Amino acid sequence: MKKEDKRHMIVGRRDFCKLILGGLGLLILPTMPSFASRKRGYERWYGTKYNPKEHRYGMGINVDRCIGCGRCVDACKKENDVPDEPFFFRTWVERYNIGEKEEVTVDSPNGGEEGFKNNTQEKKILRTFFVPKICNQCDNPPCVQTCPVGATYKTDDGVILIDEKYCIGCRYCIHACPYGMRFINPRTRTADKCTFCYHRILKGLSPACVEVCPTEARVFGDLSMVASPLRRFLRMNKIMILKPQLNTEPKVYYAALDMEVR
Numbered sequence: 008m009k010k011e012d013k014r015h016m017i018v019g020r021r022d023f024c025k026l027i028l029g030g031l032g033l034l035i036l037p038t039m040p041s042f043a044s045r046k047r048g049y050e051r052w053y054g055t056k057y058n059p060k061e062h063r064y065g066m067g068i069n070v071d072r073c074i075g076c077g078r079c080v081d082a083c084k085k086e087n088d089v090p091d092e093p094f095f096f097r098t099w100v101e102r103y104n105i106g107e108k109e110e111v112t113v114d115s116p117n118g119g120e121e122g123f124k125n126n127t128q129e130k131k132i133l134r135t136f137f138v139p140k141i142c143n144q145c146d147n148p149p150c151v152q153t154c155p156v157g158a159t160y161k162t163d164d165g166v167i168l169i170d171e172k173y174c175i176g177c178r179y180c181i182h183a184c185p186y187g188m189r190f191i192n193p194r195t196r197t198a199d200k201c202t203f204c205y206h207r208i209l210k211g212l213s214p215a216c217v218e219v220c221p222t223e224a225r226v227f228g229d230l231s232m233v234a235s236p237l238r239r240f241l242r243m244n245k246i247m248i249l250k251p252q253l254n255t256e257p258k259v260y261y262a263a264l265d266m267e268v269r
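Position 83 of the sequence shown, counting from 1, maps to 90 under my numbering, and the rest follow consecutively.
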């Protein structure tokens, strides 16, 4: 056989392999969703008047005001149909206990949904405070970067959402989230997390957790509006964010946050 014929055979085999692998990829992975299709979704559900580029949503949490009642957790589960099983939460509340030797323990029984029992008499605890946890809706979200099919995406108004039609349940986003805010929904077998109650805020309503908080520990607002309650919250308080060293640029801001929180 001539050298030229051998060279043509090798090239042909390579092209054949590329064709086969490309075909398998199309069969395994769904087509990437386009932004145009999602924009049409805005218009279908909320009308053409809503322009996501004019908004940028965020949330403030005042730790000093949180009493650990668990109403936010319960409201979130009911509003978003979160599975009523342990370990499945879109938001939860953690209790930080500071002991005599400055040791720190953290507990969150059933996500804090049913509140917390008084434990100051049982143990030598000097100080206790509650910290609500929620998806941080990062401006630089690792979960979006790692999603292989584009199911996790960032909207023009700054909210990170998950398209269940495209999610393949690979868990890459769960491992990528440095805040541990995601889980696999046992019903849909797709990734799930807090969405700021996106279906509510597009109608001008507050997220369910904000609406039911009896002490107004949670403040929701539009960062693009000067008169927004969230902008006032940021001006009036010393603000901290979780894990600032990661440069994820979260849009959940904490006031009166203790350095022990992780």
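Using N, Cα and C, we set each Cβ at its ideal position, and we do this for glycine too.
Bear in mind the structure is a predicted one, so any value in this text is a computation, not a measurement.
Residue environment, residue i, which counts as buried when at least 16 other CB atoms sit within 10 Å
i: Q144; result: buried
i: N254; result: exposed
i: R196; result: exposed
i: R78; result: buried
i: C73; result: buried
i: T222; result: exposed
i: P193; result: exposed
i: G228; result: buried
i: R242; result: exposed
When the options are compared against residue i, the one with the closest alpha-carbon
i: C133; options: T159, N147, H206, K108; result: Residue identity check: residue 133 is Leu in the sequence provided, not Cys. Among T159, N147, H206, K108, the Cα nearest to that of L133 belongs to K108.
i: A224; options: F96, F137, V89; result: F137
i: P155; options: C204, R102, R178; result: R178
i: E265; options: D71, Y57, E61; result: Correcting the residue identity first, residue 265 is Asp in this sequence and not Glu. Selected option, being the one with the closest Cα: D71.
i: S115; options: R102, N126, C76; result: R102
i: G122; options: G165, T112, K60, C76; result: C76
i: P148; options: A183, K200, N125; result: A183
i: K56; options: M188, G211, C150, V226; result: G211
i: L209; options: D163, F240, R239; result: D163
i: Y261; options: E267, I246, V268; result: I246
One or two residues paired with residue i in a DSSP bridge
i: G228; result: G65
i: G106; result: I132
i: I74; result: Its beta-bridge partners do not exist; DSSP assigns none.
i: T98; result: I141
i: D114; result: R102
i: D88; result: D88 pairs with nothing; no bridge assigned.
Nearest-angstrom beta carbon gap, residue j and residue i [assumed within contact, 8 angstroms]
i: T159; j: I175; result: Not a contact, Cβ separation roughly 11 angstroms.
i: D146; j: K258; result: 7 angstroms
i: D81; j: E120; result: 5 angstroms
* Could you say if the region 139–153 and the region 87–99 meet the contact criterion of at least three C-beta pairs nearer than 8 angstroms? => yes
* Touch test, the region 57–70 against the region 229–237, Cβ-Cβ under 8 angstroms, three pairs minimum -> yes
* Just checking, does the region 190–206 make contact with the region 82–91 on the three C-beta pairs under 8 angstroms criterion? -> yes
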